[in-house]
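Remarks on the structure that follows.
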Amino acid sequence: MVDTGLPTRELGQTGMPVTRLGYGAVEIRWARPEARRVTDTFAGELLNAVLDAGINFIDTSPDYGNSEEMIGRWLAGRRSEYFLATKAGCPVTVPAGGNDRAGHAYTAENINAAVEQSLRRMRTDYLDLVQFHGAPSKANLAEHGGLDALRALKTSGKVRFIGASAFGANLRPLVDLGVFDAFQIPYSLLQRAHETDISQARRGGAGTVIRGGAARGITSEEKQWSVTSLPVSEEASRSTWERARLDELLDGATRMAFTLRYTLSHPDMDTAIVGTSQIAHLHDNIAVLRQGPLPADVYAEAKRRLDAAGNPAADDQG
-7 MVDTGLPTRE LGQTGMPVTR LGYGAVEIRW ARPEARRVTD TFAGELLNAV
43 LDAGINFIDT SPDYGNSEEM IGRWLAGRRS EYFLATKAGC PVTVPAGGND
93 RAGHAYTAEN INAAVEQSLR RMRTDYLDLV QFHGAPSKAN LAEHGGLDAL
143 RALKTSGKVR FIGASAFGAN LRPLVDLGVF DAFQIPYSLL QRAHETDISQ
193 ARRGGAGTVI RGGAARGITS EEKQWSVTSL PVSEEASRST WERARLDELL
243 DGATRMAFTL RYTLSHPDMD TAIVGTSQIA HLHDNIAVLR QGPLPADVYA
293 EAKRRLDAAG NPAADDQG
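Residues -7 to 310 in this note's numbering are what the sequence shown lists, from first letter to last.
See below:
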């Protein structure tokens, strides 16, 4: 993988250097009515702008509408320039039983079908990382054969590394299994439940991919304050920010920039995926990345204030 000029870090023990800022391709989906519709042509401009800017980690999913197809259409010719992460367990062929969350199935049949579909859609003969989607439980993966199927796909070479997108009570048992190369974990300064789990995953040798690290605009006055996967209400988010008096620490930065730099300051975070459907916002995020983590004293003070405001890091998600 070429040197992009942006800060990188090895993803766990994969030997793969990934940029500390990744791109979340959920933003080019058409799957849900509330999603901003991105035309095919603009999706191509945006995806190529991601690579041109130096980002080398792209995360997608079969659940994200036509996101995988757009990656295949516009980036197949640049395949050597990026680390491609997608997901499995999403609906492809879903037989009776095997559901851990509505619409997801972790059977061997569904996992194999998902990987074959992703390979076709993205016009590639290998996927760098396939992550179980939907936060399945350890028992569900074992019972329905999904984990064995994904490990077999890794042995075959169709998948280079395996991971799980997980949160809540199901995360720590999957970390403790010791079989995953990476975990995708929700985390931000207003969503600190997995702050210690990130470190636990890293100590176990797994890579750590953070989603929600810019909090999807929750600290921006003009956007809705909400967090993916572990919902935090607009009122609660605003209240936490104000109780912690975080505006006093901004030193001229925007709330969004401060939030992202807080995420980048976690010592055991490898890459943070941030999605956008605007090229200008993409470059804004890269400018924040280039500023690096928060100064150590500011980071420590932010954590102290968040603790005092009733938003501490959880000690154990067991």
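Ideal placement from N, C-alpha and C gives every residue a C-beta, glycine not left out.
Only a predicted model underlies this, so the values are computations on that prediction, with no experimental measurement involved.
Check each candidate in the options and name the one with the smallest Cα separation from residue i.
{"i": "H273", "options": "A141, H96, L252 and L256", "result": "L252"}
{"i": "I271", "options": "L145, D44, P(-1) and P9", "result": "D44"}
{"i": "G95", "options": "T6, D55, A41 and P287", "result": "D55"}
{"i": "G375", "options": "K150, I20, T11 and Q123", "result": "One cannot answer for residue 375 here, as it falls past the ends of the chain, which runs -7 to 310."}
{"i": "T0", "options": "A131, L142, F75 and D299", "result": "F75"}
{"i": "Y179", "options": "N162, S229, A207 and N102", "result": "A207"}
{"i": "S148", "options": "D120, A236, A127 and A161", "result": "D120"}
{"i": "G302", "options": "A41, G197 and R184", "result": "R184"}
{"i": "D105", "options": "L163, A134, K150 and K130", "result": "The question names Asp, but residue 105 in the sequence shown is Ala. It is K150 whose Cα lies nearest to the Cα of A105."}
{"i": "L298", "options": "S53, R230, G170 and L169", "result": "R230"}
{"i": "A100", "options": "E73, S72, L133 and A127", "result": "L133"}
{"i": "T6", "options": "D260, D243, F153 and A292", "result": "F153"}
{"i": "L181", "options": "E234, G138, A131 and L139", "result": "E234"}
Please report the straight-line C-alpha distance between residue i and residue j, rounded to a whole angstrom.
{"i": "T200", "j": "T263", "result": "7 Å"}
{"i": "D51", "j": "R296", "result": "32 Å"}
{"i": "G155", "j": "I63", "result": "20 Å"}
{"i": "R195", "j": "R282", "result": "26 Å"}
{"i": "V30", "j": "N58", "result": "10 Å"}
{"i": "A236", "j": "S257", "result": "18 Å"}
{"i": "R24", "j": "V18", "result": "Since pLDDT at R24 reaches only 45, below the 50 mark, its modelled position is unreliable, and the value read off the structure follows with that caveat. Taking the straight line joining both Cα atoms gives about 11 Å."}
{"i": "M248", "j": "A193", "result": "26 Å"}
{"i": "L3", "j": "A300", "result": "33 Å"}
{"i": "A77", "j": "V42", "result": "15 Å"}
{"i": "R70", "j": "Y118", "result": "14 Å"}
{"i": "I103", "j": "R115", "result": "18 Å"}
{"i": "E73", "j": "N40", "result": "11 Å"}
{"i": "A241", "j": "V280", "result": "The question names Ala, but residue 241 is Leu in the sequence shown. Answer to the nearest angstrom: the Cα atoms are 16 Å apart."}
When the distance is taken between beta carbons, is residue j closer than 7 Å to residue i?
{"i": "S191", "j": "Q176", "result": "no"}
{"i": "H136", "j": "C82", "result": "no"}
{"i": "T232", "j": "A305", "result": "no"}
{"i": "T246", "j": "I202", "result": "no"}
{"i": "W66", "j": "G36", "result": "yes"}
{"i": "E60", "j": "R21", "result": "no"}
{"i": "A198", "j": "F159", "result": "no"}
{"i": "L145", "j": "V84", "result": "no"}
{"i": "S110", "j": "N162", "result": "no"}
{"i": "V122", "j": "A80", "result": "yes"}
{"i": "I278", "j": "G14", "result": "no"}
{"i": "G205", "j": "G16", "result": "no"}
Is it right to say residue i is buried, meaning 16 or more other beta carbons lie within 10 angstroms of its own, or is it exposed?
{"i": "L142", "result": "buried"}
{"i": "P9", "result": "buried"}
{"i": "H186", "result": "buried"}
{"i": "P287", "result": "exposed"}
{"i": "A294", "result": "buried"}
{"i": "P87", "result": "Model confidence at P87 stands at a pLDDT of 46, short of 50, so the residue's coordinates are unreliable and nothing is read from them."}
Return no unless some Cβ of chain B is closer than 7 Å to the Cβ of residue i.
{"i": "I20", "result": "Within the model displayed, chain B is absent; a lone protein chain is all it includes."}
Could you check if residue i belongs to the surroundings of the ligand FMN, using beta carbon to heavy atom distance under 6 Å?
{"i": "D55", "result": "Summarising the ligand content, the structure contains no ligands, and the ligand FMN is consequently not present."}
Every unbroken beta strand (DSSP E) within the region 105 to 189, with a cutoff of 3 residues, ordered by chain: Listed in chain order, they are 119 to 124, 151 to 157 and 174 to 178.
Secondary structure, beta strand (DSSP E): runs of 3+ residues fully inside the region 33 to 100: Listed in chain order, the beta strand (DSSP E) runs fully inside the region 33 to 100 are 49 to 51 and 75 to 80, counting runs of at least 3 residues.
Secondary structure, beta strand (DSSP E): runs of 3+ residues fully inside the region 242 to 290: Taken in chain order, the complete beta strand (DSSP E) segments of 3 or more residues contained in the region 242 to 290 are 263 to 266.
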